[in-house]
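Student:
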Ligand SMILES: [Zn+2]
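Residue numbers (the numbering used here): 5 to 335.
(1) Check for me: the beta strand (DSSP E) holding residue 54 runs from which residue to which?
(2) Near residue 196, what residues of its chain come up, given a Cβ to Cβ distance below 8 angstroms and the 5 sequence neighbours on each side ignored?
(3) Helix, strand or coil: how does DSSP classify residue 335 here?
(4) Count the other CB atoms, across all protein chains shown, that sit within 10 Å of the CB of residue 232; report buried if there are 16 or more and exposed otherwise.
(5) If you pair each beta-carbon of the stretch 145 to 164 with each one of the stretch 279 to 287, do three or more pairs fall below 8 angstroms?
(6) Reducing DSSP to helix, strand and coil, say where residue 118 ends up.
(7) Any heavy atom of ligand 1 within a distance shorter than 7 angstroms of the CB on residue 93?
(8) Does the beta carbon of residue 76 sit closer than 8 angstroms to a beta carbon anywhere in chain C?
(9) Alpha carbon to alpha carbon, how far is residue 139 from residue 248?
(10) How big is the Cα-Cα spacing for residue 108 and residue 280?
(11) Which residues in the same chain as residue 129 place their Cβ atom closer than 8 angstroms to its Cβ, once the five residues preceding and following it in sequence are excluded?
(12) How about residue 169 and residue 152: do their beta carbons lie closer than 8 angstroms?
(13) If you follow the beta strand (DSSP E) that residue 249 is in, where does it begin and where does it stop?
(14) DSSP state of residue 130, grouped into three classes?
(15) Under three-state DSSP, which class holds residue 102?
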């Protein structure tokens with residue numbers, strides 16, 4: 005398959021959310037595997053675990069086993085065919101060309117009632133540096149129905165060698181509908197100058213930074229400041245570890261950043277009873293934990309969630325450093 009730039013005869017360019025939805029409906033008719041996985045998603049079970057100021061949802065989703073247990077070490081990735089490159093996509097896969105660089109594809113292994121992979125047309129490594137402006141464009145264009153998210157190459161992305169975002173149905177992840185409540189409690193506003201609001205969230209088991217603005221330039225500047233500060237306390241050869249969730253509503257972007265220190269928690273590598281097969285990505289950081297095995301879905305407890313998040317989020321010292329660095333630049 006080659007991603008061609010088709011002229012948009014009907015001038016539909018402002019209707020990306022509708023067009024993505026149409027693509028998914030069309031793929032349900034033309035791709036039996038995808039149809040069957042979306043049908044199964046309707047039967048999927050979830051349960052909730054309550055914390056003091058927020059809830060976490062656990063979703064039992066056996067189709068995600070490949071993604072959760074993906075071997076993402078460099079050698080394994082080098083040896084396999086890239087499943088996001090145009091020439092390796094399934095014959096049934098159709099696409100929607102978003103711009104010169106990105107293409108919208110339906111995810112055949114959904115977590116959300118509507119789930120897309122937004123992949124770069126060229127095979128280039130997963131990185132947010134240089135692609136953050138694209139994330140803003142995508143979240144604005146698709147924000148009517150969808151939230152966009154990013155998994156760092158060592159933070160849950162199953163294709164660390166091929167740049168991609170994902171999009172899922174809005175307001176499924178608890179953090180999206182609990183945000184206002186969380187702001188009311190224990191959020192520290194670092195910057196609030198009428199152009200951008202930057203908040204640092206503590207005491208939610210994982211550290212979170214939110215950026216809200218109507219202006220793309222403000223967000224680009226704030227993100228650049230964040231990356232530069234985070235790079236100083238991260239491994240010099242790798243992108244700082246993070247997940248991002250991006251929404252756009254009433255002309256305002258809300259970007260949630262989850263800075264991390266670790267890819268997978270210890271429980272992932274244990275065996276027998278002690279193993280919990282959770283490989284946290286943006287969705288899990290957003291409060292929707294995916295367990296591909298029923299045994300984990302059943303046994304996972306409040307303490308396990310707290311422990312997993314504590315292991316993978318940055319340390320308090322690092323979070324404070326980021327807060328001071330970002331706050332300092334805007335004063
Ligand atoms: Zn590729």
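Using N, Cα and C, we set each Cβ at its ideal position, and we do this for glycine too.
Predicted, not measured: the structure shown is a model, and the values here were computed from it.
Tutor: Walking through what the data contain:
(1) In the chain shown, residue 54 corresponds to position 50, counting from 1. Unbroken beta strand (DSSP E) run through residue 54: 50 to 54.
(2) If you number the chain shown from 1, residue 196 lands on position 192. Closer than 8 angstroms at the Cβ level, and outside the excluded window around residue 196, lie 202.
(3) Numbered from 1 along the chain shown, position 331 holds the residue referred to as residue 335. Unreliable positioning characterises residue 335 in this predicted model, as indicated by a pLDDT of 49, which lies under 50. The coordinate reading is nonetheless provided below. Residue 335: coil per DSSP, three-state reduction.
(4) Along the chain shown, read from residue 1 onward, the residue named residue 232 stands at position 228. Residue 232 should be labelled exposed.
(5) yes
(6) The residue given as residue 118 occupies position 114 in the chain shown. Of the three classes helix, strand and coil, the one that applies to residue 118 here is coil, per DSSP.
(7) For this step, residue 93 is matched to residue 89 along the chain shown. Outside the cutoff, so no.
(8) The structure shown contains no chain C, having only a single protein chain.
(9) The residue labelled residue 139 in the question sits at position 135 within the chain shown. The residue labelled residue 248 in the question sits at position 244 within the chain shown. Each residue's alpha carbon lies about 10 angstroms from the other.
(10) Taking the chain shown and counting its residues from 1, one reaches residue 108 at position 104. Taking the chain shown and counting its residues from 1, one reaches residue 280 at position 276. Approximately 32 angstroms between the Cα atoms of the pair.
(11) Numbered from its first residue, the chain shown carries residue 129 at position 125. Around residue 129: 157, 164, 165, 166 and 167.
(12) The residue you call residue 169 lines up with position 165 of the chain shown. The residue you call residue 152 lines up with position 148 of the chain shown. The answer is yes: Cβ separation under 8 angstroms.
(13) Against the chain shown, residue 249 aligns to sequence position 245. From DSSP, the beta strand (DSSP E) with residue 249 extends over 246 to 253.
(14) Stepping through the chain shown from its first residue, residue 130 is reached at position 126. It is coil, neither helix nor strand.
(15) The residue given as residue 102 occupies position 98 in the chain shown. If DSSP states are grouped into helix, strand and coil, residue 102 belongs with coil.
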